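For reference, each letter of the sequence shown is one residue, going 27 to 211 in my numbering.
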Amino acid sequence: STLGVEATTVAELRSYVKDYLTSQAESTFASDKYQAVYSKISENLTPSGYPQEELDNLVNTLKSNVESEFNSYGSSYGISDLDSYLSQVYGFESQDAFNDYAVEYAQQYLLEKMVLTLIASNEKITVSADEINDMGAQLADYYGYTNYQEILDNYGNEMNSEVGYEVLYQKVQNFLNDNAVESES
Numbered sequence: 027s028t029l030g031v032e033a034t035t036v037a038e039l040r041s042y043v044k045d046y047l048t049s050q051a052e053s054t055f056a057s058d059k060y061q062a063v064y065s066k067i068s069e070n071l072t073p074s075g076y077p078q079e080e081l082d083n084l085v086n087t088l089k090s091n092v093e094s095e096f097n098s099y100g101s102s103y104g105i106s107d108l109d110s111y112l113s114q115v116y117g118f119e120s121q122d123a124f125n126d127y128a129v130e131y132a133q134q135y136l137l138e139k140m141v142l143t144l145i146a147s148n149e150k151i152t153v154s155a156d157e158i159n160d161m162g163a164q165l166a167d168y169y170g171y172t173n174y175q176e177i178l179d180n181y182g183n184e185m186n187s188e189v190g191y192e193v194l195y196q197k198v199q200n201f202l203n204d205n206a207v208e209s210e211s
């Protein structure tokens with residue numbers, strides 16, 4: 027049983043992990059500061075490419091999340107087709123427009139992941155198994171699982187790398203926030 031988490035795939039659970047971390051974020055200020063710092067770091071970056079499999083997985087997750095949302099709620103909005111749902115609920119004029127958005131969103135996410143992983147490597151910021159397990163325990167508690175192992179049993183051990191990245195993300199965000207110097211412009 028998924029004990030109240032409507033996630034059936036690792037990809038869906040990833041989006042729950044993101045939601046959880048966003049809701050647990052220390053403060054809006056820290057988040058806004060990080061966004062400003064990250065924008066500065068990444069404004070002139072043009073990646074030579076993206077890990078294709080990860081890009082495809084993210085795009086497919088976004089698409090399947092919206093499709094399952096439509097299947098669950100479309101009729102309650104009185105909307106009978108996906109195009110109308112995308113248009114009325116999200117403001118996309120077509121599935122193609124949504125697909126373009128999904129690809130761009132996935133590329134932005136992966137660019138941030140690549141940048142943060144590089145910063146972590148340069149600054150020797152690492153993640154321990156204990157930190158992954160602590161974060162996993164918080165997630166388990168938040169979503170009504172008995173423990174982190176139950177999440178791993180349901181979604182597979184690849185969740186360790188997802189949760190590990192989230193721990194790393196927070197550490198690099200804190201590092202950037204602590205070391206960002208505001209300049210007079």
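Heads up, the beta-carbon is just placed ideally off N, CA and C, and yes, glycines get one too.
All values derive from a computational prediction rather than experimental measurement.
For residue i, the nearest candidate out of the options (CA to CA)
i	options	result
E93	E138, D107 and Q133	D107
L71	N159, S187, Q164 and M140	M140
L144	Y127, V198 and G75	V198
Q164	V189, E184 and S101	V189
D109	S57, A123 and Y76	A123
D82	D126, G100 and S101	D126
Sub-9 angstroms separation of residue i and residue j beta-carbons
i	j	result
S68	E138	yes
M161	E119	no
L136	E80	yes
M185	L178	yes
N203	Y76	no
A56	N200	yes
E176	A166	yes
G100	Y111	yes
Limits of the unbroken alpha helix (DSSP H) element including residue i
i	result
F118	Segment: none, F118 is in no alpha helix (DSSP H) and carries neither H nor E.
I158	A155 to Y169
E192	M185 to N205
L71	L71 -> no alpha helix (DSSP H), and no H or E assigned at all.
E149	Element bounds for E149: n/a, residue is neither H nor E.
N173	Segment: none, N173 is in no alpha helix (DSSP H) and carries neither H nor E.
Given 8 angstroms, three or more beta-carbon pairs between the stretch 130 to 147 and the stretch 82 to 89
yes
Any alpha helix (DSSP H) of 4 or more consecutive residues that is wholly inside the stretch 90 to 145
108 to 116
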